[in-house]
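See below for the structure under consideration.
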Amino acid sequence: MHSAPHLYTATIKKGTPIIMNRDYKLLTPGPLTTTRTVKEEMLFDHCTWDDDYKAITQKIRTDLLELAHCDPSEYTAVLMQGSGTFGVESVLTSVIGADEKVLLCTNGAYGDRQVKICEHAGIDYVQYAESYDRIPDAAHVAEILDNDPSITHVSMIHSETTSGLLNDIESVARVAKAHGCTFIVDAMSSFGGVDIPMADWGIDFLVSSANKCIQGVPGFSFIICNTAKLEASRGKARSLSLDLWDQWNTLEKDGGKWRYTSPTHVVLAFNRALDEMKAEGGIPARSARYDTNNRMLIARMKALGFGTFLKEHQGPIITTFTYPEGVSFDFADMYAFIKERGYAIYPGKLTDEETFRLGNIGEIYPDDIRRVTELFAMYMAERGLLGPCAGTTDIAAAIEAMDEASAAL
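Structure follows, in structure tokens:
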């Protein structure tokens, strides 16, 4: 029941009713904060076989190719039910045959997840693992491919949200192409926020998700494919529902009809999100906004005493922050304080260091970055942490230092 705008009352068993704030923004790498107009698209119901709905699916497929700078005579887009991991698993289990082998270039939890997918599906693979703060080296990839001619595919993450690092997929793509390998990219949290000219770089399969930089809601992934490579994968799939070729074939044959029930409301929201992205100025404008958010965030957090886990290769999507040395923080307490005042932050995903993460994609603007960093200062002041971390116990002085740091950008 609604007790106030954007609030609702929840009763846990027979305890005291708890008033919960629903009006907060997500500083995460997706799901992320969407516009009200994207949400409102989900108020309408569509049949999966309706011609109007199928036309929307076809429009989305065309729009995605344009964003990837792909010629529709050489590339195609396939929409797949499920989260981004479903899309990644669809590609790995559909395009790598029983007599083929993939090189997995990893430096985070999402690269490691590809290893698990291959192990579970019985896909032959070799892993080239870097530490979480280093990018896979294209020269080393070349050495691996030189020494193992049985490798037919190469796969890697673009934006590794474990740390916030942005990998050099362009260089690795060129090495893969030079060795005649199919190149697969998980661009889950980067596509739409970072420009990726797929054809020019030689990327054969790129996977992303509706709830990332295009700013839709969760419910399906999409794969942009080199059509010839996709056609060559026919019959290789290890799964019925994740069969990439069969999904594509049905979309093509039936003019936008999905094989199995599609998330119609999510598709409508995504179509609206694509239109809003175009109105914003496309990838160049969105990328610039995300980059501004990210640089402001890092500068202002450093003024409060927080360091960044990455010293290089920092991407514009999400940042891993380290706590000020010698000062103890309670993340759960800090999380609750900031969420109650309008923003949800993200726990760290590293196992060897105490960290937390802040994303800056979605409907997030410089004013949000200013506000959330001011909330950090407020929290630290109330918990007696501001002086040891920022060098001042005065909130106004700490905010002034943050303003000067971001103005210097």
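Following this note's numbering, the numbering of the sequence shown begins with 716 at its first residue and continues without gaps. From the three backbone atoms N, C-alpha and C, an ideal C-beta is built for every residue, glycine too.
Between the C-alpha atoms of residue i and residue j, what's the straight-line distance to the nearest angstrom?
{"i": "residue 1049", "j": "residue 738", "result": "18 Å"}
{"i": "residue 809", "j": "residue 920", "result": "11 Å"}
{"i": "residue 926", "j": "residue 1030", "result": "18 Å"}
{"i": "residue 812", "j": "residue 947", "result": "10 Å"}
{"i": "residue 855", "j": "residue 913", "result": "22 Å"}
{"i": "residue 1017", "j": "residue 1092", "result": "12 Å"}
{"i": "residue 1184", "j": "residue 1019", "result": "Outside the displayed span of the chain (716 to 1124) sits residue 1184, for which this structure offers no information."}
{"i": "residue 903", "j": "residue 909", "result": "11 Å"}
{"i": "residue 733", "j": "residue 967", "result": "Bear in mind that the predicted position of residue 733 carries a pLDDT of just 44, short of 50, making it too unreliable to give a figure here."}
{"i": "residue 1074", "j": "residue 1027", "result": "17 Å"}
{"i": "residue 963", "j": "residue 802", "result": "13 Å"}
{"i": "residue 1067", "j": "residue 1036", "result": "13 Å"}
{"i": "residue 782", "j": "residue 990", "result": "12 Å"}
{"i": "residue 1047", "j": "residue 1062", "result": "9 Å"}
{"i": "residue 885", "j": "residue 778", "result": "22 Å"}
{"i": "residue 1119", "j": "residue 1112", "result": "11 Å"}
{"i": "residue 762", "j": "residue 933", "result": "19 Å"}
{"i": "residue 818", "j": "residue 1089", "result": "45 Å"}
{"i": "residue 1034", "j": "residue 985", "result": "26 Å"}
{"i": "residue 1094", "j": "residue 1041", "result": "18 Å"}
{"i": "residue 828", "j": "residue 1115", "result": "43 Å"}
{"i": "residue 766", "j": "residue 1021", "result": "53 Å"}
{"i": "residue 797", "j": "residue 852", "result": "32 Å"}
{"i": "residue 719", "j": "residue 980", "result": "Per-residue confidence for residue 719 stands at a pLDDT of 35, beneath the threshold of 50, marking its modelled position as unreliable; the derived number appears in the next sentence. Looking at the two C-alpha atoms, the distance is approximately 27 Å."}
{"i": "residue 1155", "j": "residue 911", "result": "For the chain, the structure presents residues 716 to 1124; residue 1155 sits outside this window and is missing."}
{"i": "residue 845", "j": "residue 823", "result": "8 Å"}
{"i": "residue 1032", "j": "residue 744", "result": "7 Å"}
{"i": "residue 1064", "j": "residue 1009", "result": "19 Å"}
{"i": "residue 961", "j": "residue 982", "result": "20 Å"}
{"i": "residue 889", "j": "residue 750", "result": "38 Å"}
{"i": "residue 905", "j": "residue 935", "result": "16 Å"}
Can you tell me which of the three DSSP states residue i falls into?
{"i": "residue 994", "result": "helix"}
{"i": "residue 1087", "result": "helix"}
{"i": "residue 1027", "result": "coil"}
{"i": "residue 922", "result": "strand"}
{"i": "residue 955", "result": "coil"}
{"i": "residue 1073", "result": "strand"}
{"i": "residue 1041", "result": "coil"}
{"i": "residue 1046", "result": "helix"}
{"i": "residue 1022", "result": "strand"}
{"i": "residue 1136", "result": "With the chain covering 716 to 1124 only, the question about residue 1136 has no answer from this structure."}
{"i": "residue 901", "result": "strand"}
{"i": "residue 983", "result": "helix"}
{"i": "residue 1103", "result": "helix"}
{"i": "residue 1098", "result": "coil"}
{"i": "residue 819", "result": "strand"}
{"i": "residue 698", "result": "Residue coverage of the chain in this structure runs from 716 to 1124, which leaves residue 698 outside it and unanswerable."}
{"i": "residue 999", "result": "helix"}
{"i": "residue 1058", "result": "strand"}
{"i": "residue 794", "result": "strand"}
{"i": "residue 1064", "result": "coil"}
{"i": "residue 989", "result": "helix"}
{"i": "residue 972", "result": "coil"}
{"i": "residue 807", "result": "helix"}
{"i": "residue 747", "result": "coil"}
{"i": "residue 966", "result": "helix"}
Taking buried to mean at least 16 other C-beta atoms within 10 Å of its own C-beta, is residue i buried or exposed?
{"i": "residue 665", "result": "In the structure as shown, the chain starts at 716 and stops at 1124, and residue 665 therefore has no counterpart that could be examined."}
{"i": "residue 769", "result": "buried"}
{"i": "residue 835", "result": "exposed"}
{"i": "residue 759", "result": "exposed"}
{"i": "residue 957", "result": "buried"}
{"i": "residue 1082", "result": "exposed"}
{"i": "residue 776", "result": "buried"}
{"i": "residue 862", "result": "exposed"}
{"i": "residue 841", "result": "exposed"}
{"i": "residue 901", "result": "buried"}
{"i": "residue 928", "result": "buried"}
{"i": "residue 1043", "result": "exposed"}
{"i": "residue 1000", "result": "exposed"}
{"i": "residue 1124", "result": "exposed"}
{"i": "residue 764", "result": "exposed"}
{"i": "residue 1072", "result": "buried"}
{"i": "residue 804", "result": "buried"}
**Request:** Kindly confirm or deny that the segment 952-971 and the segment 1010-1018 touch, where touching means at least three C-beta pairs closer than 8 Å.
**Result:** no
**Request:** Tell me, please, whether the segment 741-756 touches the segment 1097-1106 by the rule of three or more beta-carbon pairs shorter than 8 Å.
**Result:** no
**Request:** List in chain order: all unbroken beta strand (DSSP E) runs of 3+ residues lying wholly within the segment 926-955.
**Result:** 935-941
**Request:** Counting only runs of 4+ residues fully inside the segment 750-791, write out the alpha helix (DSSP H) ranges in chain order.
**Result:** 751-755, 766-782
**Prompt:** Can you list, in chain order, the stretches of the alpha helix (DSSP H) that have 4 or more residues and sit fully within the segment 827-884?
**Reply:** 853-862
**Asked** Do the segment 984-1001 and the segment 862-875 meet, that is, are 3 or more Cβ pairs less than 8 Å apart?
**Response** no
**Prompt:** Does the count of Cβ pairs from the segment 1050-1060 and the segment 878-897 closer than 8 Å reach three?
**Reply:** no
**Asked** Are there three or more Cβ pairs, one per stretch, closer than 8 Å when the segment 778-791 is compared with the segment 929-942?
**Response** yes
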